[in-house]
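The structure under discussion appears below in the form of structure tokens.
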């Protein structure tokens with residue numbers, strides 16, 4: 012997976028100052044081709060690629076309750092492995108029939124994503140989904156439009172809040188870790204970004220509760 016300088020650290024102070032400053036934040040998540048055991052071997056098996064199958068994103072207003080104001084989801088067709096594995100379908104609920112009916116090329120789907128979150132201060136993900144996006148752009152000859160500070164990773168901040176567990180929770184498990192109800196749609200683009208947003212809202216509330224009052 013590509014290491015890119017177009018990533019920046021996200022911490023609680025950044026979250027606090029961003030909410031105070033206002034604006035908009037995009038949270039995005041990917042579903043990509045996978046097979047049983049692929050994650051454990053980091054997609055190093057023969058013919059295994061992190062090809063994007065779904066991009067999900069929401070835009071949040073940078074206000075104390077981080078309200079969701081827009082949502083986006085698109086299916087994209089994998090090329091190296093055009094037939095989805097049964098394991099992937101069982102995990103995500105996305106089938107080969109879904110791709111036949113509703114998928115677009117990665118270039119088209121990525122272009123829609125870029126346009127969707129064009130007017131935000133920053134885009135964030137839980138983990139290194141931006142690296143997978145960059146790899147897919149490289150494979151398909153698509154220009155990468157982002158630079159330093161355009162994209163950030165909220166996972167280190169969230170894991171620190173959770174006590175740095177040895178087993179990293181899936182994004183869909185975050186609401187439960189914060190003692191909150193899950194939004195549904197686990198292992199789908201929109202379901203997972205909404206789960207991440209629940210964790211971010213909880214951290215904003217905690218930060219506000221511990222801030223000195225003037």
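Numbering (our numbering), first residue to last: 12 to 225. The beta-carbon is built from N, C-alpha and C at its ideal position, and this holds for glycine as well. As the structure is a computational prediction, the values presented were derived from the model and not from experiment.
Give me the Cα-Cα distance between residue 212 and residue 75, rounded to the nearest whole angstrom.
8 Å
Decide if the segment 131–147 is in contact with the segment 157–168; the criterion is three or more beta carbon pairs, one per stretch, under 8 Å apart.
yes
Nearest-angstrom Cα distance between residue 50 and residue 33?
37 Å
Examine the Cβ distances between the segment 110–123 and the segment 25–43 and report whether three or more of them are shorter than 8 Å.
no
What does DSSP give as the partner residues of residue 65 in its beta bridges?
42 and 86
Going by DSSP, what residue range makes up the alpha helix (DSSP H) through residue 165?
It is not in any alpha helix (DSSP H) - residue 165 carries neither H nor E in the DSSP assignment.
For residue 35: DSSP bridge partner residues
72
DSSP-derived helix/strand/coil call for residue 111:
helix
So, residue 201 versus residue 82, is the Cβ gap smaller than 9 Å?
yes
Whole-angstrom distance between residue 71 and residue 77, CA atom to CA atom:
5 Å
Select from 162, 190 and 161 the residue whose C-alpha is nearest the C-alpha of residue 172.
190
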